Amino acid sequence: MIIGIPQEIKIHEYRVSLTPEGAALLTNCGHHVLVQSNAGSAVGFSDQDYQASGAKIVPTAQHIFDQAQMIIKVKEPQPSECALLKKDQLLFTYLHLAADPIQAELLMNSGATCIAYETITDNDGRLPLLKPMSEVAGRMSIQSGAHHLEKTQGGSGVLLSGASGVEPAKVLVIGGGMVGMNAAKVALGMGAQVTILDRSISKRLNDFQQKYSTQLSIDLSNKTNIERQLKTADLVIGAALVAGAKAPKIITKAMLKIMKKGSVLVDVSIDQGGCFESSKITTHDQPTYIIDGIIHYCVGNMPGAVAKTATLALTNATLPYILDIANKGYQQAILDDLNLTNGLNIYQGKITHKAVAESLDYKFYPPSTLDFSLTK
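If you use this note's numbering, the sequence shown corresponds to residues 175 to 550, in order.
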């Protein structure tokens with residue numbers, strides 16, 4: 175199979191979708207890897223590194239889209255990239271379509287087959303390709319939130335750890351999944367007082383609470399508890415997720431008025447539309463804005479700021495799937511693996527993931543009803 179790695183073009187996106195070591199594994203299995211020149215330069219991977227792995231360097235994205243059968247990216251394709259896709263190609267990347275109707279329409283019109291990292295499951299119903307970036311984003315959410323609490327950034331001037339004779343900051347994490355747990359770990363490590371609110375209290379959360387019992391509280395996520403915690407929170411992390419669907423709006427605009435001025439909201443769910451009613455996507459260029467005295471941090475590609483770590487973590491997770499698809503062809507790989515089928519979002523102009531279809535108000539086509547021709 176011919177596999178293409180274009181350079182990411184989203185604003186301040188420095189990650190690359192495949193490391194030279196990953197390219198070497200694919201070429202050693204007889205596949206052809208095309209890498210756009212300088213695709214990995216921002217994270218220290220030179221064109222020579224990829225050439226040494228057996229990959230071929232091509233000058234432009236056009237060359238990638240003209241020749242590749244499978245195109246691997248990190249972030250969702252931008253409109254100019256959607257225009258280059260063809261109906262016989264597979265796109266394998268993060269898509270987050272539920273919050274992006276324009277991208278969905280462009281991909282449907284392209285006729286390409288689109289598999290989203292974020293909706294692939296494992297045998298336990300977890301999201302293995304979302305996990306590495308959820309870990310990174312969760313940890314970064316505290317780092318970024320702490321920075322914007324500084325007075326020089328417009329925040330209230332609170333240090334997460336507090337100081338001798340001064341209480342630590344109060345961090346509220348909404349959602350006890352992968353993002354929330356990792357956010358809590360970093361906040362606890364920095365000395366903050368942390369509360370996690372979740373729809374249910376799992377054994378995993380209970381075990382976590384016992385480990386950090388003096389600093390950590392866990393409670394059910396409901397309107398009463400959310401409002402009570404918002405009154406004293408210095409930093410709020412939004413980590414709510416419904417796989418494939420738009421994120422639920424947990425904090426309303428009205429709730430901002432009960433928060434302390436200079437507090438910070440970090441919406442890690444922004445790729446799926448955000449879990450705060452007042453959220454709107456921002457970039458690393460201008461990461462924050464203020465509503466009712468509350469700082470909002472809503473960067474859509476947060477892990478892009480730590481691109482080297484994020485690239486390595488992402489390739490570790492995606493490479494087994496890439497290799498399986500390359501060895502079998504995507505049609506057979508989908509037929510063989512229900513978990514991969516759950517990643518299928520668009521096929522021949524049809525929406526094939528139920529949560530995505532419902533979010534965008536499109537007809538849902540169950541993958542089981544589709545004809546995956548193996549003659550392509």
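For glycine and all other residues, C-beta sits at the position ideal for the given N, C-alpha and C.
Predicted, not measured: the structure shown is a model, and the values here were computed from it.
State the DSSP-derived secondary structure class of residue i, mapped to helix, strand or coil.
i    : result
S315 : helix
K454 : coil
A507 : helix
T543 : helix
T602 : Absent from the model: residue 602. The displayed extent of the chain is 175 to 550, so no value can be given.
K537 : coil
A213 : coil
H321 : helix
I231 : strand
I496 : helix
K550 : Because the pLDDT at K550 is just 39, under 50, the model does not fix this residue reliably, and the value given afterwards should be weighed accordingly. Coil, per DSSP.
Q252 : coil
K359 : helix
A525 : This sequence places Ile at residue 525; Ala is not what is there. Correct three-state label for I525: strand.
Residue i to residue j, Cα distance in whole Å?
i    : j    : result
T549 : Q506 : Note that T549 scores a pLDDT of 40, beneath 50, so its modelled location is shaky and nothing firm can be said.
D298 : E292 : 15 Å
Y268 : G467 : 33 Å
T295 : H527 : 12 Å
H206 : G523 : 27 Å
M476 : A484 : 10 Å
I520 : V480 : 30 Å
A235 : L192 : 15 Å
T369 : A487 : 28 Å
T543 : T388 : 53 Å
D511 : L258 : 28 Å
V232 : Y224 : 11 Å
Under the DSSP definition of a beta bridge, which residues are partnered with residue i?
i    : result
G412 : I348 and D441
V340 : A337
M244 : I177 and L264
H206 : I176
T462 : Y471
I289 : F266 and L518
I370 : V347 and I392
Are at least three pairs of beta-carbons, each pair with one atom in the region 441-459 and one in the region 180-193, less than 8 Å apart? yes
Counting beta carbon pairs with one atom in the region 291-304 and one in the region 401-414, are three or more of them shorter than 8 Å? no
Within 8 Å, do at least three Cβ pairs link the region 308-315 to the region 355-372? yes
Sufficient close CB pairs (3 or more, under 8 Å) joining the region 533-540 to the region 270-289: yes
Quick one: which unbroken alpha helix (DSSP H) runs of 4-plus residues sit fully inside the region 372-428? Chain order, please. 377-385 and 397-404
Cβ contact (3+ pairs, closer than 8 Å) linking the region 259-274 and the region 240-249: yes
Taking contact to mean at least 3 C-beta pairs separated by less than 8 Å, is the region 405-412 in contact with the region 423-438? yes
Quick test of the definition: if touching needs 3 or more C-beta pairs under 8 Å, does the region 206-223 touch the region 175-185? yes
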